[in-house]
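Protein chains in written order, with the numbering used here: chain A, 1 to 504; chain B, 1 to 504.
Built from N, CA and C at the ideal position, the CB exists for glycine as well.
Shown next, in structure tokens, is the structure this report addresses.
2 protein chains.
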Amino acid sequence: MEGISRKIYLELSGPSEEDSRSSQQRILDGLEGMGIEGRMTLRVMGKLYPLCEEAQWKLTVSLAWDGIQWILTDIEPGDTRTAHYGYAVDIGSTTVVARLWNCETGECLWEAGNYSRQIPYGTDILTRIFYCKDDPQKRKELKDAVIDTILDDLKEIEEKTGIGPEQCIQMVTAGNTAMIHFLLDMDAFCVFSTPYAVRADRPGFLPGRELGIPISGFVYCYPGKSNYLGGDILSGLVAVEIHKREEIQVFFDIGTNGELVIGNRDFLICGAGAAGPALEGGSVRTGMRACEGAVDRVKIREGKILCHVIGEKEAKGICGSGIIELIAELFLNGWINILGKFQPEQSDLITEQEGSFRVEYAHGLYFWQEDLDEFIKTKAAASTMVEYMFRESGISLKEVSGFYVAGAFGKHVDKEAAVTIGMYPDMERERLISAGNASLDGAGKLLLDRQVLAEIDEILEKMVYIQFGAVEDFLHMMVAAQAIPHTDLERYPSVKKKLEERKK
Amino acid sequence: MEGISRKIYLELSGPSEEDSRSSQQRILDGLEGMGIEGRMTLRVMGKLYPLCEEAQWKLTVSLAWDGIQWILTDIEPGDTRTAHYGYAVDIGSTTVVARLWNCETGECLWEAGNYSRQIPYGTDILTRIFYCKDDPQKRKELKDAVIDTILDDLKEIEEKTGIGPEQCIQMVTAGNTAMIHFLLDMDAFCVFSTPYAVRADRPGFLPGRELGIPISGFVYCYPGKSNYLGGDILSGLVAVEIHKREEIQVFFDIGTNGELVIGNRDFLICGAGAAGPALEGGSVRTGMRACEGAVDRVKIREGKILCHVIGEKEAKGICGSGIIELIAELFLNGWINILGKFQPEQSDLITEQEGSFRVEYAHGLYFWQEDLDEFIKTKAAASTMVEYMFRESGISLKEVSGFYVAGAFGKHVDKEAAVTIGMYPDMERERLISAGNASLDGAGKLLLDRQVLAEIDEILEKMVYIQFGAVEDFLHMMVAAQAIPHTDLERYPSVKKKLEERKK
């Protein structure tokens, strides 16, 4: 397996009366002897002397693939093949996570994540886009904010491993279309405005130093399929390898937006749509991100609500996974009905305030009827994407061998609870798989395997995009999904069974 | 004929519900429709918005060839195909001359030359090399000095034409191996020290901005064949097209060093050697460069020396072309003999001072016996190169259809005088051709014709290098050439005839 960078050790003969080839030619000939054609950068030319002589012509060259050819980006004395490093970076709107890879052994050496320095410009992407719209100076601020966050990660990695960007050849990044627009100093308003034609969707390999990232080679940005199906999804698909399997699989990335891909090695149907901020703790009065003080696990036992709080501290609010468990428990215990309405007679914890019902899930913290309504709308949007795609493709749930849920949601949310509230389809639990940070995994995969570039082209070629918003009966389906788990309980046999058991 | 840059005008349809391709894809598809595959730079991605919309998708893209592929380096609104510019630059050790070309019409718009900002570091290259040897900081000073001289030229051109580097795509440079080493921040000591293996001899296409030259595309450096046969010679060969002809031709570039190529489309034999500073006015007591106040033309009429002075001013010294005419006239009038020794009885202008003879060629300015001796050694070195190469290749002068003399020497020196002193071979005068600044011409040729790249490879492939210093009888031949025109006068029938005529 050959990655997008190589380190080649050469033992060359030095110049003599009989052989007065240039240092450059000597090295290129050495590489050619190994079947590698390369092109030397200005930087390497400047390093040839006195390095080659001092190293007695035993040297290691760094090669970076630029999509077409190998570029000699660095030269070091001696055999440094084992010091062969690269980065994979997931550029999220909230956090930017980087991994340092040993490209020789294929081992991940360290991972560091930092909150995006873009957050002060707006927690959501749209605010950031409006901040810098038609103002190149402000656009540059946002670009610098992404770059600086990446550099924060790299610095942290260097502190832990002693390996800094100067020792790395390539970087692979994956991010949604808007984040990549920010990264490359492009206006991102197009991502959210009709006709959704973005500026650039296949940035390819860009010189790292031109971007402000001091690696010796290139920053590769995963390409996007469309405005809402960005490089993070492509990278995620590469990670879970749907496109390589015979069995049909599903890749679902759900957050403020939802992206869904169904397919196998023969076809890939994809769609994307807005879900709403509720899944990430937004739009819920006491909602918060999954950090210290957030309720992330909820059980109702003997009429009491038992919460787990991140950091084992006093609860300050509730995050996405906590909300889902809370709603599932409220429903299974009959404290809310199938339409998600509070049943105050079922518990003293349900109280009325200013004409609204609410439940006190932790000391002094309430989950309101409005929060419930909002959340159910969001989960309806998400589950309808799945339902709609299945119907359109004529594929039944039974045919699906794996339903991958990407991202923080898939990682932290309890599958059982997610099925109970109708967020995930009701299928065997072992087929519901958390894909983790698939976007980051896919970035690392390309770093270590150049063949992935061909896979990416293949995936882009195969992907058929379905615009959800464009379909009228999508809205009808979504209304039907605004119940727990669904107006049609027959679609959720395991939930139906659970309800029956509880009634006993 | 297609150059190494192109400007393509595209009239594209804007994004719509039905066609939401990215701006990038839209442009690349437009190019593909014209059979061009291209890669977009970060800089162009950043310019897409609002440029494309504002131009209503009628735009012109700049394409720069990088040796392998077309790179989209710029984008402009509207049809700007006629504003298609590039530079050719001859990087000499004394002067750096740049030409601005209109790459659409193939017309040279302006030429500007400036004294190299490296001169303060040493008039000769070796002094400069020793100045910065093993000191990267000083090496950078010398690099910056070359770049700044190029920028001086470009600024002058901009002042005259209104066209600056930002409007130019490519730059082709030609210079000797040492100058190219300076330009690319490489140690150049190797050029003059055994075993004469240089750092890099095929720099190729390097991003202009990386070098500090703000064109949108690349700076191409003509490759060198060896330490003494640099890119300036390759470029000169491309200019005079020896490698394309059936007839045998000679390319001779003479200055402090001499480079010589004999060949045709089937073979190219080349050699190089030191000639000495005398030809450029150095090592002569009153010698100076060909600038204001320099004697550049000399005749002896009725016992008087008549001089022409550059700028029609009072004479301050004598330049190379003046020296050659002076010596030729001294010889033809019998004021010096065949060994170049003054014959004081022939003229009152020849006087003795401190045991040395000298001639007063202009008021208060003297040419000494030592000057003569030094100059004759230099011309012997130069003419022996020619003689030696002819002998080695088994080619006779009669077979040569054109003897090109490149550079300032070829341009300013009177052919007749140069034959008389034995500097040029005695052949029909119309076959002795001044090639002018062939290095600069060749640079412009590549700018306008991409096929030249293949020619360069072909020339490098064909060139057979003969090391003069390595040959023992080269020295014997040189001694025989230390006479005017030569110890064997039979080799110079036209000079012999002239002498006989004068005697009558």
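Query                                                                                                                       : Result
Terminal residues of the beta strand (DSSP E) in which Pro207/A lies                                                        : Gly204 to Pro207
Closest residue to Val405/B among Glu370/B, Leu448/B, Cys291/B and Val240/B (Cα-Cα distance)                                : Val240/B
Three-state secondary structure (DSSP) of Cys132/B                                                                          : helix
Residues of the stretch 172-186 of chain B with Cβ closer than 7 Å to any Cβ of chain A, in chain order                     : Leu184, Asp185 and Met186
Supposed contact pair Gly86/A and Leu108/A - C-beta distance, whole angstroms, cut 8 Å                                      : In the sequence as displayed, the identity of residue 108/A is Cys instead of Leu. That pair is no contact at about 11 Å.
Residues of its chain near Asp296/B, where Cβ-Cβ distance is below 7 Å and the 5 sequence neighbours each way are ignored   : Ala290, His308, Ile310, Cys319, Ser321, Gly322 and His412
Range of the contiguous beta strand (DSSP E) that encloses Val298/B                                                         : Ala294 to Arg301
Separation of Pro344/A from Thr127/A, as counted between CA atoms                                                           : 39 Å
DSSP state of Pro195/B mapped onto helix, strand, coil                                                                      : coil
Start and end residues, beta strand (DSSP E) containing Arg99/A                                                             : Thr95 to Asn102
DSSP bridge partner residues for Gly113/A (one or two, in chain order)                                                      : Val97/A
Other residues of its chain near Val219/B: CB distance less than 7 Å, five sequence neighbours each side excluded           : Met171, Thr173, Leu206, Gly208, Leu211 and Ile213
Among Tyr196/A, Ile376/A and Ala438/A, nearest to Pro485/A - alpha-carbon criterion                                         : Ile376/A
Boundaries (first-last residue) of the alpha helix (DSSP H) holding Asp29/B                                                 : Ser23 to Glu32
Three CB pairs or more closer than 8 Å across the stretch 363-370 of chain A and the stretch 27-45 of chain B               : no
Thr194/A burial status per 10 Å Cβ neighbour count (16 or more: buried)                                                     : exposed
Coil, strand or helix - Arg532/A by DSSP                                                                                    : An answer regarding residue 532/A cannot be provided, because it is not within the stretch 1 to 504 covered by chain A.
Element boundaries [alpha helix (DSSP H), containing Val479/B]                                                              : Glu472 to Ala480
Status (buried if at least 16 other CB within 10 Å, exposed otherwise) for Pro136/A                                         : exposed
Where Asp201/A meets chain B, residues with beta-carbon distance less than 8 Å                                              : Ser22, Gln24 and Gln25
Boundaries of the beta strand (DSSP E) in which Thr73/A is found, first to last residue                                     : Trp70 to Pro77
Sufficient close CB pairs (3 or more, under 8 Å) joining the stretch 486-504 of chain A to the stretch 423-434 of chain B   : no
Cut-off 7 Å between Cβ atoms - residues of its own chain near Cys52/B, not counting five sequence neighbours on either side : Ser23 and Leu59
Closer than 7 Å: Ser62/A CB and nearest the ligand SAM heavy atom                                                           : Only the bare structure without any ligand can be found here, which leaves the ligand SAM out of the picture.
First through last residue of the alpha helix (DSSP H) which encompasses Ala483/B                                           : Neither: Ala483/B is in no alpha helix (DSSP H) and is coded neither H nor E.
Integer Cβ distance of Ser62/A from Asp74/A, believed to fall under 8 Å                                                     : 4 Å
Burial state of Asp371/B (16 or more Cβ within 10 Å)                                                                        : buried
DSSP state of Tyr388/B mapped onto helix, strand, coil                                                                      : helix
Rounded C-alpha distance that separates Pro425/A from Val386/A                                                              : 8 Å
CB contact flag (Glu329/A, Ile300/A, <8 Å)                                                                                  : yes
Proximity test, Cβ basis, 8 Å: Ile68/A and chain B                                                                          : yes
Contact between the stretch 154-173 of chain A and the stretch 488-504 of chain A (3+ Cβ pairs under 8 Å)                   : no
Reduced DSSP secondary structure (H/G/I, E/B, other) of Val495/A                                                            : helix
Same chain, Cβ closer than 6 Å to Leu12/A, neighbours up to 5 away in sequence not counted                                  : Arg26, Gly30 and Trp57
Interface residues of chain B facing Met45/A [CB-CB closer than 7 Å]                                                        : Leu184, Met186, Arg199, Ala200 and Pro203
Under 9 Å by beta carbon: chain A residues contacting Met40/B                                                               : Ala200, Arg202, Pro203 and Gly204
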